[in-house]
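Trainee: Pasting a structure below so you can have a look.
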Amino acid sequence: MRICLEGNRAEITLGMIHLRRLFTVTSMSRAFPNRNRPRHYRLYVTITPRKSH
Numbered sequence: 613m614r615i616c617l618e619g620n621r622a623e624i625t626l627g628m629i630h631l632r633r634l635f636t637v638t639s640m641s642r643a644f645p646n647r648n649r650p651r652h653y654r655l656y657v658t659i660t661p662r663k664s665h
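So the sequence shown is numbered by this note's numbering: it starts at 613 and just counts up by one.
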């Protein structure tokens with residue numbers, strides 16, 4: 613699944629922490645500046661469900 617995180621750097625970092633707890637992150641883009649909102653960014657992440665043991 614590919615998702616987009618939007619927000620300031622702290623919000624994106626917190627979002628990534630939560631995503632990594634629940635999913636396996638298979639790829640992540642760099643943080644792109646958001647044109648409409650200064651100091652806000654977009655980050656694209658590809659995730660897969662974690663395999664349970």
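Ideal Cβ placement from N, Cα and C applies to all residues, glycine included. If you're wondering where the values come from, they're calculated on a predicted model, not measured in any experiment.
1. Beta carbon of Tyr653, beta carbon of Pro645: below 8 Å?
2. Take the Cβ of Val657 as the centre, count every other Cβ of all protein chains shown within 10 Å, and call the residue buried at 16 or more, exposed below.
3. Distance check for Arg621 and Pro650, CA to CA, integer angstroms please.
4. Give me the Cα-Cα distance between Asn648 and Gly619, rounded to the nearest whole angstrom.
Mentor: So, to answer that:
1. Cβ distance < 8 Å, so Tyr653 and Pro645 count as in contact.
2. The residue in question, Val657, is buried, as its Cβ has 16 or more Cβ neighbours within 10 Å.
3. In a straight line, the C-alpha of Pro650 is about 12 Å away from that of Arg621.
4. Per the coordinates, the alpha-carbon of Asn648 lies some 12 Å from the alpha-carbon of Gly619.
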